[in-house]
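Peer 1: Protein chains in written order, with the numbering used here: chain A, 1 to 249; chain B, 1 to 169; chain C, 1 to 118; chain D, 1 to 125.
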Amino acid sequence: MKRLTLVILAICALIMLAAAVDLPNWADPSSPASTHLSPDFLEQGYGETATPNIVTVVLADYRSYDTMFEAVVVFAAALIVLVVLRRTPRQRSKMVQHRPVREGRDTVLRGAAQLIIPVMQIFALYVVGHGHYSPGGGFQGGVIFGASFILLALCYNLQFTIDRFKEQAVLFCVAGGVLLYAGVGAICLAMGWNFLGYAGLAGILGVSEVMARSHGILLVEVGVGITVFSVMMSLYYDLASGGDLDEGL
Amino acid sequence: MSAIITFCVMFAFWIVMSGKFDLFHLTMGLLSSGLVTWLSHDLLFSGHTKKFGGLMVEIGRFLRYVVWLSWQIVIANIHIAGLALSPQAREIMDPHVVSFKTVLKTDFARFVLANSITLTPGTVTIRIQDDTFYVHAITAQSAGDLAGAGDGPGEMERWVAWVFEGGSR
Amino acid sequence: MEQFLISIGVALLLLMLMSLFRVVAGPTVIDRILGVNVIGIKTVVLIIIVGILDGRVEMFIDIALAYALLNFITTIAAARFYQRQSQPAAADAEEAKTAPSAPPTAENPPAGKEGSHA
Amino acid sequence: MLNAVVIFLMVSGFMLFFATTVGLLRFPDFYTRVHAAGKGDTLSTALLLAGLIIYYLQDFSGEALLTAVKLSLIVFFVFLASPTATHAIIDAGYEAKVPYWTKRKPSADGEPYPGPERRREDRQI
């Protein structure tokens, strides 16, 4: 079986190497991507979407399908970890508990956490909201927002975090973020444009088509942010407690 | 009350970070501050006096404490840098662990004291178990500075008690 | 002045490489965590120096702030994970509660406020 | 004139970081290394950032002021986070009973120096 795997891998590698010969050279100024696509994006990006950050425009508008399925991949990761690790209460009793001894020791970490966490959350929302102007966007902001909850779970304990943010709510957010992304695309479809053609939002939001694309980018960034932060929390809940949801690290 | 203060502080942070003052971004800022306030309004000022005036007094006293503390931090850094660069570091060092019971009541005051101990010369807080501090001291003299002479609390602990619990300095 | 900033940045990088020795050599895991923390904090300074040389601080500062936050969380998480691994399992923990949970110190002072002078 | 201040701040921050690194490399055990890392890191980062803030504020404008405020936010964050991280690390090391270096001799009645070493005999893990 192992030998078969090796053979298949070797064949795949050979095919890829053969295909790589035909790729244009790195940073070749005469390759199709450099002669047509990049200049077009750079010249028309701001005019079409009123968004100065070209990276955001390419990520969330020109190749929005790709980003949507990236969000779906993250969503699938959370589901798989949930399926593999999460235990039902009946299975739980058979397991040996490993409870860390921590009562009365967390004073310093709690003091730092209560000051840092709110600032961190507003910073995360700023990163999501200002993806149009500075580096940032849904993925980065979502990671920081999720990390703030992980800090809460580390400095207090996992049970405290779960009491504030129930597992059901987290899973609702996991699905809701992807739904928001796809829903924006579906609304555009319903308005008679392409799927994820944000200009279709112009009639609903009451703005020009260019501004509608800018707002559409913001909406899908928010969707990605919700997905990423809730997926991080879901992963942490399951991984830190081994699926029991009682004691974290 | 704590929710209102948290909202104002969060909105100030948003303004500083955003630096854009058009209607769209300000609305976004209001929404974000509201969301953060809803999620964690009980965190930022937990364990403090609930009255606005009392909070102002605490902040004012804390600033005076910071002035005193910064000088201690400079001394600490000169001390540790000299120790690191001196050729006979192992002769000067005398590491040992000190424990003492604190007089501070609130968790936040203990947090401030623990971090101040970590920042000042020759001592690092290892652990706070209930109300006992375990401190690692790198020289014999730094342990003496920490504990203070006689029975009463050390100088730093009196400062922290004055800031947060209104004791005499 | 730019020359000065560049040289400071390069010197910081060299010192971070020296700290990397502590990460590679150990001897314990917690030593490595300490070395990584030191390097992480200095990376924030390095990012801002690059930003100033590039003339786009307002962009790099977001990256630096995010890096500082994530570095802090990483350190805490690694330390907590290491701490949990070194604690006894649940069955032993019951015994440990009867044993003196306070680590004995130089003079193990009784209740009351007293430092243990050498 | 301002350049001189910037150079002074950054060079002193750099010297502190140099001392930190030397201490991190040559101190005998984990606990003393934490001393070097925890203290030197905080102030040297703050000094380096302060120098950068002053350098950045030389061409003054409203936006530059906002950016400088954001930079000082990082300084505050370092002063808050660095001691906390130090505390978390040394607490974890103490829990794990990392070997302990001391000059102190066992006392007269044969008792070993009761540092963290004795805890290891207490629990026998």
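C-beta: ideal position from N, C-alpha, C; glycine also.
Just the Cα atoms here: how many angstroms apart are residue 136 of chain A and residue 130 of chain A?
Peer 2: Taking the straight line from one Cα to the other gives about 7 Å.
Peer 1: Are any of the Cβ atoms in chain B nearer than 8 Å to that of residue 59 of chain D?
Peer 2: No, residue 59 of chain D lies away from the interface with chain B (no Cβ there is under 8 Å from its Cβ).
Peer 1: Note down the Cα distance separating residue 43 of chain C from residue 161 of chain A, rounded to an integer number of angstroms.
Peer 2: 31 Å
Peer 1: Can you name the start and end residues of the alpha helix (DSSP H) that residue 79 of chain B belongs to?
Peer 2: 52-85
Peer 1: Of the residues C/19, C/59, C/28, C/86, which one's Cα is nearest the Cα of residue 40 of chain C?
Peer 2: C/19
Peer 1: Spatial neighbours of residue 200 of chain A within its chain, please: C-beta separation below 6 Å, excluding the five flanking residues on both sides.
Peer 2: Leaving aside the five residues that flank residue 200 of chain A on each side, the residues in its chain whose CB is nearer than 6 Å to its CB run, in chain order, 188, 191, 193.
Peer 1: Give me the chain B residues within the contact set of residue 39 of chain D, using Cβ-Cβ distance strictly less than 7 Å, ordered along the chain.
Peer 2: Residues of chain B passing the Cβ test: 76, 77, 80, 119.
Peer 1: Taking C-beta pairs closer than 8 Å, name the residues in chain B that residue 97 of chain D reaches, listed in chain order.
Peer 2: Simply none; closest approach about 12 Å.
Peer 1: If you follow the alpha helix (DSSP H) that residue 251 of chain A is part of, which residue opens it and which one closes it?
Peer 2: The requested residue 251 of chain A does not occur in the structure, where chain A is confined to residues 1 to 249.
Peer 1: If I'm right that residue 138 of chain A touches residue 222 of chain A with Cβ under 8 Å, what's the distance once you round it to whole angstroms?
Peer 2: With a Cβ gap of about 7 Å, residue 138 of chain A and residue 222 of chain A count as contacting.
Peer 1: Return the residues of the region 40-70 of chain C that lie within a Cβ-Cβ distance of less than 8 Å from chain A, sorted by chain order.
Peer 2: 58, 59, 62, 63, 65, 66, 69, 70
Peer 1: Helix, strand or coil for residue 98 of chain B, going by three-state DSSP, please let me know.
Peer 2: strand
Peer 1: So which of A/170, A/175, A/217, A/198 has the shortest CA-CA distance to residue 238 of chain A?
Peer 2: A/170
Peer 1: What's the call for residue 125 of chain A, buried or exposed, on a 16-neighbour Cβ count within 10 Å?
Peer 2: buried
Peer 1: Give the DSSP-derived three-state secondary structure of residue 125 of chain B in the structure shown.
Peer 2: strand
Peer 1: I'd like the list of long-range same chain contacts for residue 50 of chain A, defined as Cβ closer than 8 Å, with 5 residues on each side in sequence excluded.
Peer 2: 210, 211, 213, 214
Peer 1: Using the C-alpha atoms, what's the distance from residue 61 of chain A back to residue 23 of chain D?
Peer 2: 51 Å
Peer 1: Pull up the DSSP beta-bridge partners for residue 135 of chain B, would you.
Peer 2: B/98, B/125
Peer 1: Quick one, which of B/158, B/37, B/126 has its alpha-carbon nearest residue 106 of chain A's?
Peer 2: B/126
Peer 1: In angstroms with no decimal places, state the Cα-to-Cα distance between residue 9 of chain A and residue 19 of chain A.
Peer 2: 15 Å
Peer 1: Using a Cβ cut-off of 8 Å, pull out every chain A residue sitting near residue 87 of chain D, in sequence order please.
Peer 2: 108, 109
Peer 1: Would you report the Cα separation of residue 38 of chain D and residue 26 of chain A, rounded to the nearest angstrom?
Peer 2: 44 Å
Peer 1: Applying a beta-carbon distance threshold of less than 9 Å, which residues of chain C neighbour residue 10 of chain D?
Peer 2: 4, 5, 8
Peer 1: I want to see whether chain D comes within less than 8 Å of residue 43 of chain B, judged by CB atoms only; does it?
Peer 2: no
Peer 1: Under 8 Å by Cβ, that's how I've got residue 108 of chain A and residue 77 of chain B pegged, so tell me the actual separation to the nearest angstrom.
Peer 2: Their Cβ separation, rounded to whole angstroms, is 21 Å, which puts residue 108 of chain A and residue 77 of chain B out of contact at 8 Å.
Peer 1: Which residues in the same chain have their Cβ closer than 7 Å to the Cβ of residue 18 of chain B, if we skip the five residues on either side of it in sequence?
Peer 2: 25, 29
Peer 1: Since residue 119 of chain A meets chain B, which of its residues come closer than 7 Å, beta carbon to beta carbon?
Peer 2: 13
Peer 1: Taking Cβ-Cβ distances below 8 Å as the criterion, which residues of the region 224-241 of chain A are in contact with chain B?
Peer 2: Those residues of the region 224-241 of chain A that come within reach of chain B (Cβ to Cβ, closer than 8 Å) do not exist; the list is empty.
Peer 1: Would you say residue 9 of chain A faces chain D, with C-beta separation under 8 Å as the test?
Peer 2: no
Peer 1: Assuming contact is defined by CB atoms lying nearer than 8 Å, are residue 67 of chain D and residue 2 of chain C in contact in what I supplied?
Peer 2: no
Peer 1: Against chain D, with Cβ distances strictly below 8 Å, would residue 90 of chain B count as a contact?
Peer 2: yes
Peer 1: May I ask you to report which of helix, strand or coil DSSP gives residue 134 of chain A?
Peer 2: coil
Peer 1: Quick check: the region 28-37 of chain C against the region 89-103 of chain B, are at least 3 beta-carbon pairs closer than 8 Å?
Peer 2: No contact exists between the region 89-103 of chain B and the region 28-37 of chain C.
Peer 1: Which residue from A/148, A/14, A/197, A/159 puts its Cα closest to that of residue 40 of chain B?
Peer 2: In this structure, A/148 is the residue among A/148, A/14, A/197, A/159 with its C-alpha nearest to the C-alpha of residue 40 of chain B.
Peer 1: At which residue ranges does the region 2-68 of chain A contain complete alpha helix (DSSP H) runs of 4 or more residues, listed in the order of the chain?
Peer 2: Counting whole runs of 4 or more residues, the region 2-68 of chain A contains the alpha helix (DSSP H) stretches 2-21, 38-49, 54-57.
Peer 1: For residue 60 of chain C, tell me which candidate among C/31, C/81, C/71, C/46 has the shortest Cα-Cα distance.
Peer 2: C/46
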